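Undergrad: Residues -17 to 204 (this note's numbering) are what the sequence shown spells out, left to right.
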Amino acid sequence: MQTKDFRGLIEENNDGVDILNINELHDIFLSKKSMSKHVLTIYSMVIGLNAKNILDIGYGYSTRAILSALRYTGGKLTTIDFDYSRWQDKIHHNIPNWKFIIGPSAQVLSMSCFGPYDFIMHDGAHDYENVKNDLEILIPRLKQFGILCVHDTQFDTLGEQMRAAVIDACKDFNVSSTTLPYCCGFTIIRNEQDFGYGKIKCSFEHERGGYHDKPESLILKS
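#1: Alpha carbon to alpha carbon, how far is H8 from K114? Give it in angstroms, no decimals.
#2: Among residues of its own chain, excluding the 5 on either side of S158, which ones have a beta-carbon nearer than 7 Å to its beta-carbon?
#3: If you draw a straight line from the alpha carbon of G273 to that of N112, how long is it in whole angstroms?
#4: When you compare only the Cα positions, how much space is there between Q89 and S13?
#5: I'd like the ranges of any alpha helix (DSSP H) spanning at least 4 consecutive residues and lying wholly in the stretch 50 to 121.
#6: With distances taken from CA atoms, which of M17, F96, D150, Y25 is nearest N5?
#7: Could you check the C-alpha separation between C152 and Y164 for me, to the nearest Å?
#8: When you compare only the Cα positions, how much space is there between L52 and H188?
#9: Identify whether T45 lies in helix, strand or coil by the three-state DSSP scheme.
#10: List the whole-angstrom C-beta distance separating G56 from I36, where the pair is believed to meet the contact cut-off of C-beta under 8 Å.
#11: Which partner residues of D38 appear in the DSSP bridge assignment?
#12: Report the three-state DSSP secondary structure of Q143 (helix, strand or coil).
#13: Less than 9 Å between the C-beta atoms of F82 and D105, yes or no?
#14: Assuming contact is defined by CB atoms lying nearer than 9 Å, are K183 and N32 in contact in what I supplied?
#15: In terms of residue numbering, what span does the alpha helix (DSSP H) encompassing S26 cover?
#16: CA-CA distance, G(-10) and M17?
#17: Could you check where the beta strand (DSSP E) with H8 kicks off and where it finishes?
#18: In terms of residues, what are the limits of the beta strand (DSSP E) holding T169?
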């Protein structure tokens, strides 16, 4: 896969949605916003996974980082957000590989059969019941070795509920996970089992030649 250089590129849309370049992502990274230190992580994971089908719950800087990464992978993004009054202008965007759905995630996910996904970003509801419900629906819609990220799992007032929701939602699935402890916490969940969708395809040619990426399960067997 040939590396593309998007430095200095910016695509402005008349609806106010912009696909950021790497310099602008870096500016956000250096800011004090709660998602700031995670935007480059998200950008890197989408490109590293060569993600073609992505779900994003909760519009924000994570959405813009994903849209930026899709210029590399050529994939598509579906965003779900319940806040019509805040984001109604975004549903009329002109980005062909982005679908924006307004509505509660529980309702939208129960009505539509999405997936399979290479990457999912969850930064929507922040209460136990809704987060647990979302994750229980979404984990089985990941390809094997696909990744689901949850923001705010170390948040000072919401983190306890968020962590409990993640733990309880994951207990019946074969997943591996870790949590980045900064910027309100960022939990990375990797699906280790095949739900019938096959594995992600993320092979990149190394500078010494050849393709050496061969994902294997991280589940420790007793």
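Every residue, glycine too, gets a C-beta built ideally from N, C-alpha and C.
Here the structure is a predicted model, which means the values were calculated and not measured.
TA: Let me spell this out:
#1: Each residue's Cα considered, the two are about 32 Å apart.
#2: Contacts found: R172, E174, L200, I201.
#3: In the structure as shown, the chain begins at -17 and stops at 204. Residue 273 is therefore absent and cannot be evaluated.
#4: Cα-Cα distance, rounded: 34 Å.
#5: For the stretch 50 to 121, the full-length alpha helix (DSSP H) segments reaching 4 residues or more read 66 to 69, 87 to 93, 110 to 120 along the chain.
#6: In this structure, Y25 is the residue among M17, F96, D150, Y25 with its C-alpha nearest to the C-alpha of N5.
#7: Linking C152 to Y164 through their CA atoms gives a straight-line distance of about 22 Å.
#8: Take the alpha-carbon of L52 and the one of H188: they are about 21 Å apart.
#9: Three-state result, T45: helix.
#10: Here G56 is actually not in contact with I36; their C-beta atoms are around 12 Å apart, not less than 8 Å.
#11: When DSSP reads this structure, D38 sits in a beta bridge with T61, M103.
#12: The DSSP-derived three-state label of Q143 is helix.
#13: No.
#14: For the 9 Å CB-CB criterion, K183 and N32 form a contact.
#15: Counting along the chain, the alpha helix (DSSP H) containing S26 begins and ends at 21 to 30.
#16: Bear in mind that a pLDDT of 33 at G(-10), under 50, signals an unreliable position, so the model cannot answer this.
#17: Membership of H8 in any beta strand (DSSP E) is not indicated; the residue belongs instead to the alpha helix (DSSP H) covering 4 to 11.
#18: From DSSP, the beta strand (DSSP E) with T169 extends over 168 to 173.
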